[in-house]
């Protein structure tokens with residue numbers, strides 16, 4: 195059960211990071227890179243766009259692997275205390291059942 199919770203938390207963190215990275219990107223290559231174009235020459239526009247693209251792909255692959263791995267750590271075969279309805283377990287007694295008395299035949303066609 196502990197591994198399943200750990201994998202679920204990692205999936206949640208990966209999803210949040212993936213959402214943030216995708217929102218920072220601009221579809222035309224701007225986004226975060228366009229804000230730092232003039233002030234930061236060390237990491238230029240293209241390097242920032244490359245970093246964001248690589249991080250998007252990396253997070254997507256991590257999400258896929260974690261999702262597939264979660265299949266194997268799902269807790270199974272745990273005994274769950276269930277309430278049982280005793281009416282359904284006891285066999286029906288035919289002497290207690292009564293025939294349907296309010297049934298009427300449809301009117302005859304003339």
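In this note's numbering, the protein residues as written are 195 to 304. For every residue, glycine included, the Cβ atom is placed at its ideal position computed from N, Cα and C. What you are looking at is a predicted structure, and each value in this text was computed from that prediction instead of being measured.
- Secondary structure of residue 302 (DSSP, three-state): coil.
- Per DSSP, residue 297 lies in no alpha helix (DSSP H) segment and is marked neither H nor E.
- Per DSSP, reduced to three states, the secondary structure at residue 255 is helical.
- Rounded to whole angstroms, residue 199 and residue 260 show a C-alpha spacing of 12 Å.
- By the 16-neighbour rule on beta-carbons within 10 angstroms, residue 203 is exposed.
- DSSP places residue 265 within a helical segment (H, G or I) once states are collapsed to three.
- Shown here for residue 209: same chain residues with a beta carbon closer than 7 Å to its own, the five before and five after excluded, namely 257 in chain order.
- Spanning the alpha carbons of residue 214 and residue 263 requires a straight line of approximately 24 Å.
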